[in-house]
Amino acid sequence: MKKYLLLLTLTGAAALLPGCQSFLDVNNNPNNPSTTTPNFLLPNIIANGIQTQMFTALRTPYITQYVV
């Protein structure tokens, strides 16, 4: 019985494992580059910094008014 169970397990593993070789290729987005140049990153960094600063400047007085 152990021999048949081992044989069944090995046969199932041999049948299922080769199908996983290209599994990670599905998650690659050709439109999303993995590397970029700094001149494309800097405008986004500046915009996010300004947005964070504006949010902090506009919301902090209301938060401190209710806390204090």
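Counting in this note's numbering, the sequence shown runs from 1 upward without gaps. Where a beta carbon is used, it is the ideal one built from N, C-alpha and C, also for glycine.
Inter-residue Cα distance where the pair is residue i and residue j
i: Y62; j: M54; result: 14 Å
i: N48; j: L16; result: 46 Å
i: R59; j: V67; result: 13 Å
i: T9; j: V26; result: 27 Å
i: I46; j: P33; result: 20 Å
i: N29; j: T35; result: 13 Å
i: Q51; j: Q65; result: 22 Å
i: K2; j: A14; result: 18 Å
i: L42; j: N31; result: 20 Å
For residue i, the three-state DSSP class (helix, strand or coil)
i: P61; result: helix
i: V26; result: helix
i: M1; result: coil
i: P33; result: coil
i: V68; result: coil
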